[in-house]
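Everything on this sheet refers to the single structure shown next.
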Amino acid sequence: MNSDASFKLFHLMQFHGMTRRKLQNYLQKDFYLNQIEDHSPNDLQKIFNFHKDKAKSLHAYLNHFELKNKNYQLFNQYKPLTIFDDEFPDALRNIPDPPLLLYWQGNKKLLKTPKLSVIGTRKPSQFARKKVDRFLKPLVNRQVTIVSGLAYGIDAMGHQFALDHGGQTIAILGFGFNHLYPAKHRVLFQQIIEHGLILSEYHPDTRPQKWHFPERNRIISGISLATLIIEASERSGTIITADQALEQGKDVFAIPDSIFLDQAQGCLKLIQEGAIPLIKPEEIEDWLDTNSN
Numbered sequence: 001m002n003s004d005a006s007f008k009l010f011h012l013m014q015f016h017g018m019t020r021r022k023l024q025n026y027l028q029k030d031f032y033l034n035q036i037e038d039h040s041p042n043d044l045q046k047i048f049n050f051h052k053d054k055a056k057s058l059h060a061y062l063n064h065f066e067l068k069n070k071n072y073q074l075f076n077q078y079k080p081l082t083i084f085d086d087e088f089p090d091a092l093r094n095i096p097d098p099p100l101l102l103y104w105q106g107n108k109k110l111l112k113t114p115k116l117s118v119i120g121t122r123k124p125s126q127f128a129r130k131k132v133d134r135f136l137k138p139l140v141n142r143q144v145t146i147v148s149g150l151a152y153g154i155d156a157m158g159h160q161f162a163l164d165h166g167g168q169t170i171a172i173l174g175f176g177f178n179h180l181y182p183a184k185h186r187v188l189f190q191q192i193i194e195h196g197l198i199l200s201e202y203h204p205d206t207r208p209q210k211w212h213f214p215e216r217n218r219i220i221s222g223i224s225l226a227t228l229i230i231e232a233s234e235r236s237g238t239i240i241t242a243d244q245a246l247e248q249g250k251d252v253f254a255i256p257d258s259i260f261l262d263q264a265q266g267c268l269k270l271i272q273e274g275a276i277p278l279i280k281p282e283e284i285e286d287w288l289d290t291n292s293n
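According to UniProt numbering, the residues represented by the sequence shown are 1 to 293, in order.
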């Protein structure tokens with residue numbers, strides 16, 4: 001753990017206009033941010049491709065004692081996990097476009113457990129709950145942590161099943177902790193904090209935006225051994241997560257269903273494209289026996 005580098009990263013990420021991509025590029029040259037405060041405004045302009053005035057603002061920001069002190073207090077309040085921390089999930093370090101910092105609430109020990117992402121449509125069919133029960137029961141029994149996104153539908157079903165059956169669950173958010181979406185999931189959100197783990201790469205005061213959700217999906221798939229899709233329509237956002245999982249070199253499971261069921265079309269398409277069809281719970285248990293070590 002490098003607490004000095006972690007704070008410098010946190011401090012940089014509070015600067016308006018600083019992006020994850022810019023920081024990822026910079027870290028390739030100065031991983032622990034040892035030199036970040038030594039750069040001139042001209043250096044910063046070239047390094048971060050900022051306008052001249054923006055570079056001057058960044059230089060002043062990096063050397064502003066009161067702002068640093070304010071952010072240091074916030075850093076100690078939130079205690080975010082950064083890419084410099086030993087507890088930061090190794091699986092996320094190796095994905096394309098890794099998060100650099102994660103805010104968390106709950107049980108950090110779940111980061112060390114085997115994890116499977118369980119995702120699907122926000123508008124599940126009448127058969128969805130039976131599918132969740134059928135395929136998640138053996139996972140929970142084996143103490144596999146269920147990862148999902150706290151959305152309506154399949155996400156909420158997966159989290160709730162794990163909680164109701166003494167299992168473990170992690171919710172990956174597309175917003176900051178102080179702006180819960182959907183608001184109707186307040187009780188579920190609190191249950192996960194008490195019995196699971198909440199993660200977000202967004203500052204607690206960040207409101208949900210449309211682009212946050214496909215962006216956070218890479219974390220859902222990246223932190224997991226594999227991704228299980230319960231139901232999805234052909235144009236579901238779930239397909240984005242499946243594509244990201246494949247890009248990350250992860251296996252994708254999809255449950256087939258009737259060609260006449262709209263919520264099955266995404267799964268059927270993914271199976272056509274190479275996803276692993278899942279018929280029996282034993283099949284995913286066999287996969288875990290081979291791949292969870």
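Note that CB positions come from ideal geometry on N, CA and C, so glycine has one too.
From the DSSP output, in three-state form, read off Asp43 for me. Counted from its first residue, the sequence shown places residue 43 at position 43. When DSSP states are grouped into helix, strand and coil, Asp43 belongs to the helix group.
Within 8 angstroms (strictly less), CB to CB, does Lys137 reach chain B? The structure shown contains no chain B; it is built from a single protein chain.
Identity of the residue in Gln77, Asp164, Phe189 nearest Phe175 by Cα: Here residue 175 refers to the residue found at position 175 of the sequence shown. Distance from the Cα of Phe175 is smallest, within the candidate group Gln77, Asp164, Phe189, for Phe189.
Do the stretch 226-245 and the stretch 203-210 meet, that is, are 3 or more Cβ pairs less than 8 angstroms apart? Not touching, per the Cβ criterion.
Let me confirm a value: Asp164 is counted as buried when at least 16 other C-beta atoms fall within 10 Å, else exposed. Which label applies? Counted from its first residue, the sequence shown places residue 164 at position 164. By the neighbour-count criterion, in which a residue is buried when 16 or more other Cβ atoms sit within 10 angstroms of its Cβ, Asp164 is exposed.
Roughly how far, in whole angstroms, is the beta-carbon of Ser224 from the beta-carbon of Ser117, given that I think they are within contact range, below 8 angstroms? The residue labelled residue 224 in the question sits at position 224 within the sequence shown. The residue labelled residue 117 in the question sits at position 117 within the sequence shown. With a contact defined as Cβ atoms closer than 8 angstroms, Ser224 and Ser117 qualify at about 4 angstroms.
Which whole-angstrom value describes the C-beta separation of Gln24 and Leu100, a residue pair presumed to lie in contact below a C-beta threshold of 8 angstroms? Within the sequence shown, numbered from 1, the residue matching residue 24 stands at position 24. Within the sequence shown, numbered from 1, the residue matching residue 100 stands at position 100. The Cβ separation is near 7 angstroms, so the contact holds.
Is it true that the stretch 3-22 meets the stretch 79-96, where meeting means three or more beta-carbon pairs spaced less than 8 angstroms apart? Contact holds: three or more Cβ-Cβ distances are below 8 angstroms.
Tell me where the beta strand (DSSP E) around Ala156 begins and ends. Mapped onto the sequence shown, residue 156 falls at position 156. Taken as a continuous stretch (DSSP letters only), Ala156 belongs to no beta strand (DSSP E), being part of the alpha helix (DSSP H) at 154-164.
According to the neighbour-count rule (16 or more other Cβ atoms, all chains shown, within 10 Å of its Cβ), is Gly153 buried or exposed? Position 153 of the sequence shown, counted from the start, is the residue given in the question as residue 153. Within a 10 Å sphere around the beta-carbon of Gly153 sit 16 or more other beta-carbons, which makes this residue buried.
Local Cβ density within 10 Å of Ile271, reported as buried at 16 or more and exposed below that: Position 271 of the sequence shown holds residue 271. Its Cβ being crowded by 16 or more others within 10 Å, Ile271 is buried.
Between the alpha carbons of His39 and Gln160, how many angstroms are there, rounded? For the purposes of this step, residue 39 is identified with residue 39 of the sequence shown, where counting begins at 1. For the purposes of this step, residue 160 is identified with residue 160 of the sequence shown, where counting begins at 1. Taking C-alpha positions only, His39 is separated from Gln160 by approximately 49 angstroms.
So Gly167 and Val140 are in contact, right, with Cβ under 8 angstroms, and what is the actual spacing, rounded? Here residue 167 refers to the residue found at position 167 when the sequence shown is read from its first residue. Here residue 140 refers to the residue found at position 140 when the sequence shown is read from its first residue. The pair is a contact, with the Cβ atoms about 4 angstroms apart (cut-off 8 angstroms).
Could you have a look at Lys22 and say whether DSSP puts it in helix, strand or coil? By one-based count along the sequence shown, residue 22 stands at place 22. Note: Lys22 maps to helix in three-state DSSP.
Tell me which residues share the same chain as Gln105 and place their Cβ nearer than 8 angstroms to its Cβ, disregarding the 5 neighbours each side in the sequence. Within the sequence shown, the letter at position 105 stands for residue 105. Within the same chain, Gln105 has close Cβ partners Phe177, Ile193, Leu197, Ile198.
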